[in-house]
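*Asks:*
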C-alpha cells in the first residue's frame, strides 16, 4: 500500500495524543493544577494536528463533514465521531481541572474510555480490510494500542519529571507490555503474505484449475490509481533495516532511557525527553512500514506474488 505522509502523521500524532488522554483520564501523570492541564492541552494539540492532517488525504477535503455521516457502517466515520466527542469532553476536563485545582475523576475515566475507543477505531480502519491479509489480524489493534500507550507513558512521565515528581516504576512495567504488543505485530506480520493467506493469481482469476497463471502483459500502459495506492514495493533488505531502526528507536531504546531517567533527580527530564523524541521518530518509521509492506490482493493482477 502507498504510505501517504498525511496518514502516517495522523495515526502517529493522534495516537500519541489519545494515549496521553487515556493516562491522564485514569489519573496517571502530573496531578497539580498547572502541569496537569498543560499536559492535557498538549494531548489535545497532538490529537488535533493528527486529525487535521488526515483531511489532506481525502479526495475532496472541503467535504470532510460527510465523513461523519456513515458511522453505522464505517470505522473511519466512527473514529471521526468518537474523536470529536472526546476532544470536546477532554477540553472540558482540562478546563475544570485548571479551575478547580483537581481533576474530575468520573469525567476523566469516561474520556479515557473514549480515547481507547478512538485508538481502536483507527486501528480497525485497517484491521477490517480482508483484502490486505497483513492488516486483517487482531495484532493490528494491539500494535496501535501499544504505540499509543507507550508514547503516552513517555509524554506524561516527562511532564511529571518537569513538575518535580518521579514517574512510578509501574509505568515501566506497562511499557514493557505495550512495547511487546507493538513488537508482536511486527513478528506476526512478517509471516503473513498473500500466498500464506491463500491468495494467488490463480485464486484471483478463478483459473487455478487450468494451471499456473502468469501475466502476459501489463493490464495498463500507464500507472493508474490502483497501482499508485495499492501496489507499492519496498526492497526486503531496505525494509529489514528500517524495521530494525523502528524497533530500536520506537520501543527498546525509549524503554531503557525511561527506566534509567524516570527519577526527577539528575538528567531525568532530558533523558525522558530524548526517549519521547526517539519513540516518535521510531513510530513514524514503523507506521511507514505498516503501509509500505502491506500487500493488497489487487496486486495479483499486476504480477505481484
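Residue numbers (our numbering): -8 to 296.
All C-beta atoms in this analysis are idealised placements derived from N, C-alpha and C, irrespective of residue type, glycine included.
If we ignore side chains and look at the alpha-carbon of each, how far apart do residue 167 and residue 128 end up?
*Replies:* Straight-line Cα distance between these residues: approximately 22 Å.
*Asks:* Is it buried or exposed for residue 125, if we count other Cβ within 10 angstroms and need 16 for buried?
*Replies:* Buried, since its Cβ has 16 or more Cβ neighbours within 10 Å.
*Asks:* First and last residue of the alpha helix (DSSP H) that includes residue 141?
*Replies:* Segment 129 to 153, the alpha helix (DSSP H) holding residue 141.
*Asks:* In three-state terms, what does DSSP make of residue 177?
*Replies:* Reduced to three states, the DSSP call for residue 177 is helix.
*Asks:* Rounded to whole angstroms, what's the CA-CA distance from residue 288 to residue -6? Just pull it up for me.
*Replies:* In a straight line, the C-alpha of residue 288 is about 17 Å away from that of residue -6.
*Asks:* Mark residue 222 as exposed unless 16 or more other C-beta atoms lie within 10 angstroms of its C-beta, in which case mark it buried.
*Replies:* Buried is the call here.
*Asks:* Near residue 282, which residues of its chain fall below 8 Å by C-beta distance, leaving aside the five closest residues on each side in sequence?
*Replies:* These residues qualify, in order along the chain: -8, -7, -6, -5, -2, -1 and 223.
*Asks:* If you run the structure through DSSP and keep just helix, strand and coil, what is residue 297?
*Replies:* Any property of residue 297 remains undetermined from this structure, which presents the chain solely from -8 to 296.
*Asks:* Which same chain residues, not among the five before or five after residue 7, have their C-beta less than 6 Å away from its C-beta?
*Replies:* Contacts found: 37 and 142.
*Asks:* I need the boundaries of the alpha helix (DSSP H) containing residue -4, first residue and last residue.
*Replies:* Per DSSP, residue -4 belongs to the alpha helix (DSSP H) from -4 to 16.
*Asks:* Have a look at 71, 26, 61 and 24 and flag the residue whose alpha-carbon is nearest the alpha-carbon of residue 45.
*Replies:* When only C-alpha atoms are compared, the closest one is 71.
*Asks:* Hey, how far is the Cα of residue 107 from the Cα of residue 114?
*Replies:* Rounded to whole angstroms, residue 107 to residue 114 spans 11 Å at the Cα level.
*Asks:* Go through its chain and collect everything with a Cβ distance to residue 260's Cβ below 6 Å, but skip five positions before and after it.
*Replies:* Excluding residues within five positions, the ones whose Cβ falls inside 6 Å are 152 and 153.
*Asks:* Whole angstroms is fine: what's the gap from residue 240's alpha carbon to residue 249's?
*Replies:* Those two C-alpha atoms are separated by around 13 Å.
*Asks:* For the stretch 93 to 113 against the stretch 64 to 78, do three or more pairs of beta-carbon atoms, one drawn from each stretch, fall closer than 8 Å, so that the two count as touching?
*Replies:* The stretch 93 to 113 is in contact with the stretch 64 to 78.
*Asks:* At which residues does the alpha helix (DSSP H) containing residue 273 begin and terminate?
*Replies:* Where residue 273 is concerned, the enclosing alpha helix (DSSP H) stretches over 259 to 283.
*Asks:* Along the alpha helix (DSSP H) that carries residue 286, what are the first and last residues, could you check?
*Replies:* Neither: residue 286 is in no alpha helix (DSSP H) and is coded neither H nor E.
*Asks:* My output table needs one value for residue 124: the three-state DSSP class, helix, strand or coil.
*Replies:* Looking at residue 124 - three-state DSSP - the assignment turns out to be coil, as it is neither helix nor strand.
*Asks:* Here's the rule I'm using: 16 or more other beta-carbon atoms within 10 Å means buried, otherwise exposed. How should residue 158 be labelled?
*Replies:* With 16 or more Cβ atoms within 10 Å of its Cβ, residue 158 is classed as buried.
*Asks:* Using the rule of at least 16 other Cβ atoms within 10 Å of the residue's Cβ for burial, across every protein chain shown, is residue 91 buried or exposed?
*Replies:* The residue in question, residue 91, is exposed, as its Cβ has fewer than 16 Cβ neighbours within 10 Å.
*Asks:* Just to confirm the assignment, what range does the alpha helix (DSSP H) spanning residue 65 have?
*Replies:* Per DSSP, residue 65 belongs to no alpha helix (DSSP H) and is neither H nor E.
*Asks:* Quick check: what's the CA-CA separation for residue 23 versus residue 85?
*Replies:* Cα to Cα, residue 23 sits roughly 12 Å from residue 85.
*Asks:* Between residue 2 and residue 201, what straight-line distance do the alpha-carbon atoms span, to the nearest angstrom?
*Replies:* Distance between the alpha carbons of residue 2 and residue 201 is about 44 Å.
*Asks:* Roughly how many angstroms separate the alpha carbons of residue 95 and residue 121, rounded to a whole number?
*Replies:* Distance between the alpha carbons of residue 95 and residue 121 is about 41 Å.
*Asks:* In its own chain, which residues sit with a C-beta less than 6 Å from the C-beta of residue 290, not counting the 5 before and 5 after it?
*Replies:* If we look at residue 290 and ignore the five residues flanking it on each side, its Cβ neighbours are 222.
*Asks:* What's the call for residue 270, buried or exposed, on a 16-neighbour Cβ count within 10 Å?
*Replies:* Label assigned to residue 270: buried.
*Asks:* Can you check which of these residues, 183, 179 and 146, is closest to residue 266 by C-alpha distance?
*Replies:* Ranking the options by Cα distance to residue 266, first place goes to 146.
*Asks:* Go ahead and label residue 109 buried or exposed: buried means 16 or more other beta carbons lie within 10 angstroms of its beta carbon, across all protein chains shown.
*Replies:* Classification for residue 109: buried.
*Asks:* CB residue 273 to CB residue 242, shorter than 8 Å?
*Replies:* In contact: residue 273 and residue 242 (Cβ atoms closer than 8 Å).
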